[in-house]
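Below: the structure, in structure tokens.
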Amino acid sequence: MISIQMNVGGLIKNDHFALVPAHKFSFSSSLRKSRKQFSRAWDHLKLDPYMADRGRYRFRRYGLFNLSTITGRLNYIPDASFYQDININPLNGGKPRKFASLTKDSVENPFLQELMLFDLAQLTSTTSVKVDWLIGVHQIRIIAMPGVSGNPTPEGVHRDDETYTVQHLIKRHNIDGGVNYFYGSESEPERHPSVMKQLKYFDSYYFDHTLWHDVSPIILNMHGNEGYRDILLIDFSRQ
166 MISIQMNVGG LIKNDHFALV PAHKFSFSSS LRKSRKQFSR AWDHLKLDPY
216 MADRGRYRFR RYGLFNLSTI TGRLNYIPDA SFYQDININP LNGGKPRKFA
266 SLTKDSVENP FLQELMLFDL AQLTSTTSVK VDWLIGVHQI RIIAMPGVSG
316 NPTPEGVHRD DETYTVQHLI KRHNIDGGVN YFYGSESEPE RHPSVMKQLK
366 YFDSYYFDHT LWHDVSPIIL NMHGNEGYRD ILLIDFSRQ
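As structure tokens, then:
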């Protein structure tokens, strides 16, 4: 079981986003093993081949699920591609992208299965409307090396096209930077954004499709030859 000590739905309704520090989450002991297994998946991601800036700093896997309100069940959609309009992502958008798929172990992982339903419940807690959902799961690692930074959002300040998006930090290792900035929902982003530094496992934020946001580059700190930032993105599209 997963629980949270915040009214995420209320914050989304009023502010379009909610910043949730790790200590607000609680996880039952029954999920301990599957949580650890799921986190290890970030050591087996594949290079993102679609970077228009020719960067070789992003590794990822992707999977798509359908949630039916009739059955209440999650169904995995094999070999799904990911598409963003070029107006949403002017750098890498405008064409379907076929990333490496989630592994079978990740697709069937009990923690991920429960987390998808849990996150959606937080986002839809203020409405009684019953609809089907497409749920995209992105496992992403951004790396930094000596003299080479990694850019979590190379497209710059942007909005996402999905109804809701959630970002959970899985791990930071040997890096500085990677600060999240939230600019509001107006067409001209605010000059003084809200800021979140995701430093601990499961520092998280939830937001809707109106929110402008970006993340600062990561750079290697003085403790190694490689650093990385592991993120789980889950997006929810109302059908």
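The opening residue of the sequence shown carries number 166 in this note's numbering; numbering runs sequentially from there.
We put the CB at the ideal spot given by N, CA and C, even for glycine.
Quick caveat, the model's predicted, so the values are computed rather than measured.
Asked	Found
Suppose you measure from the CA of Phe367 to the CA of Arg197; what does that come to, to the nearest Å?	14 Å
I'd like to confirm the pairing. Which residues does DSSP put opposite Trp298 in its beta bridges?	Leu232, Arg403
Would you please state the rounded distance, in angstroms, between the beta carbons of His303 and Tyr227? I believe it to be under 8 Å.	5 Å
Under the rule that 16 or more other beta-carbon atoms within 10 Å means buried, what is Asn390, buried or exposed?	exposed
Quick check on Asn345: buried or exposed, where buried means 16 or more other Cβ atoms within 10 Å of its Cβ?	buried
Does His188 pass the burial test, meaning 16 or more other C-beta atoms within 10 Å, or should it be called exposed?	exposed
Under a Cβ-count criterion, where at least 16 other Cβ atoms within 10 Å of its own Cβ denotes burial, should Ile235 be classed as buried or exposed?	exposed
Using a 10 Å radius around the Cβ and a threshold of 16 neighbouring Cβ atoms, would you call Arg238 buried or exposed?	exposed
State the CB to CB distance for the pair Phe283 and Phe203, rounded to an integer number of angstroms; the pair is presumed to be in contact (CB under 8 Å).	Wrong, their Cβ atoms sit about 14 Å apart, outside the cutoff.
What's the call for Arg223, buried or exposed, on a 16-neighbour Cβ count within 10 Å?	buried
Are the beta-carbon atoms belonging to Asn316 and Pro382 less than 9 Å from one another?	yes
So is Ser271 buried or exposed if we call it buried at 16+ other beta carbons inside 10 Å?	buried
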